[in-house]
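*Asks:* Mapping of the sequence shown onto full-length UniProt numbering: residues 1 to 195, in sequence order.
A virtual CB, placed ideally from N, CA and C, is assigned to each residue, including glycine.
Before anything else, here's the structure in question.
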Amino acid sequence: MPPRLSFLPAVTAPSAFLRRLARPLSTTPALSQSKPNSASDILTLDERPAPGNNAERVQNLVRGGKFAQSEAQLARKRFELQQLRERKTSDVYAPHDMNPHQLARWKKKTAPKRDVTDLLSLNPLDMYKNFSMISEYMTSFGQIKNSRDTGLRPRNQRRMAKAIRRVIGMGIHPSVHFHPEIIMKRLQGGRKLQE
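As structure tokens, then:
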């Protein structure tokens, strides 16, 4: 079935209508350009009739400009994020290697190279008197949090665990609940929120 051409634009604006028809067939850059660039859109913003308020006009410019990505590009990026294994040009693989379960086998669980204590240049063993820091790395039941939860690298996790055990052994910090000063501050903060 041949493409349908509307007759109304041909009558109201014949030059624009003919230019639109000639665009796919033309090799000249002026005619083959489907839409002016974003800079000329901004310059001619006041000359065109407004589709709504200014915010809508700016949103329409951003959507139709260079900033908009096609669905194919977004799908490609999503697929690339799923590819956990770096492949070389000479690698041979079977279709079942693209299975999510097979891809998960290549997922690398790397320990963090730097953590909070490194950034602040703190030694966790020296922080045993800082009960607020000790409480951050303990549960309310007195258990030492896992490195997945704390985000510490293995060496600092061991040092923090040693500091926690040391502080509980000295009797400075309670073993099964938060420090009383932290509980008092939380209660005072709750009263301020209620007032």
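#1: Between the beta-carbon of residue 163 and the beta-carbon of residue 138, is there less than 8 Å?
#2: When the Cα atoms are used, what is the spatial distance from residue 135 to residue 167?
#3: Assign residue 183 to buried or exposed, taking buried as 16 or more other Cβ atoms, counted over all protein chains shown, within 10 Å of its Cβ.
#4: Buried or exposed for residue 157, going by 16 or more other Cβ atoms inside 10 Å?
#5: Are three or more beta carbon pairs between the region 104–120 and the region 145–155 nearer than 8 Å?
#6: Quick one: grab the DSSP three-state call for residue 144.
#7: By the 10 Å Cβ neighbour count, where 16 or more other Cβ atoms means buried, how is residue 172 classified, buried or exposed?
#8: Just to check my reading of the structure: residue 124 and residue 148 have Cβ atoms closer than 8 Å, yes? What is that Cβ distance to the nearest angstrom?
#9: Can you check DSSP and say which residues form a bridge with residue 138?
#10: Which value, in whole angstroms, describes the spacing of the CA atoms of residue 161 and residue 121?
#11: So what's residue 150 in DSSP terms, helix, strand or just coil?
#12: Between which two residues does the alpha helix (DSSP H) carrying residue 91 extend?
#13: When you compare the CB positions of residue 142 and residue 90, do they come within less than 8 Å of one another, or not?
#14: Going by Cα to Cα distance, which pick from 76, 88, 179 and 78 is closest to residue 130?
#15: Please name the residue, chosen from 86, 132 and 119, that lies closest to residue 177 on a Cα-to-Cα basis.
*Replies:* Here's the rundown:
#1: Not in contact: residue 163 and residue 138 (Cβ atoms no closer than 8 Å).
#2: The straight-line gap from Cα to Cα measures roughly 11 Å.
#3: So residue 183 ends up on the exposed side.
#4: With 16 or more other Cβ atoms within 10 Å, it is buried.
#5: Under the 8 Å Cβ criterion, the region 104–120 counts as touching the region 145–155, having at least three qualifying pairs.
#6: In this structure, residue 144 counts as strand in the three-state DSSP scheme.
#7: Exposed.
#8: 17 Å between Cβ atoms; not a contact.
#9: Under DSSP, the beta-bridge partners assigned to residue 138 are 144.
#10: Rounded to whole angstroms, residue 161 and residue 121 show a C-alpha spacing of 18 Å.
#11: If DSSP states are grouped into helix, strand and coil, residue 150 belongs with the helices.
#12: Following the DSSP letters along the chain, one finds residue 91 in no alpha helix (DSSP H), marked with neither H nor E.
#13: Not a contact, by the Cβ cut-off of 8 Å.
#14: Here the closest residue by C-alpha is 179.
#15: Distance from the Cα of residue 177 is smallest, within the candidate group 86, 132 and 119, for 132.
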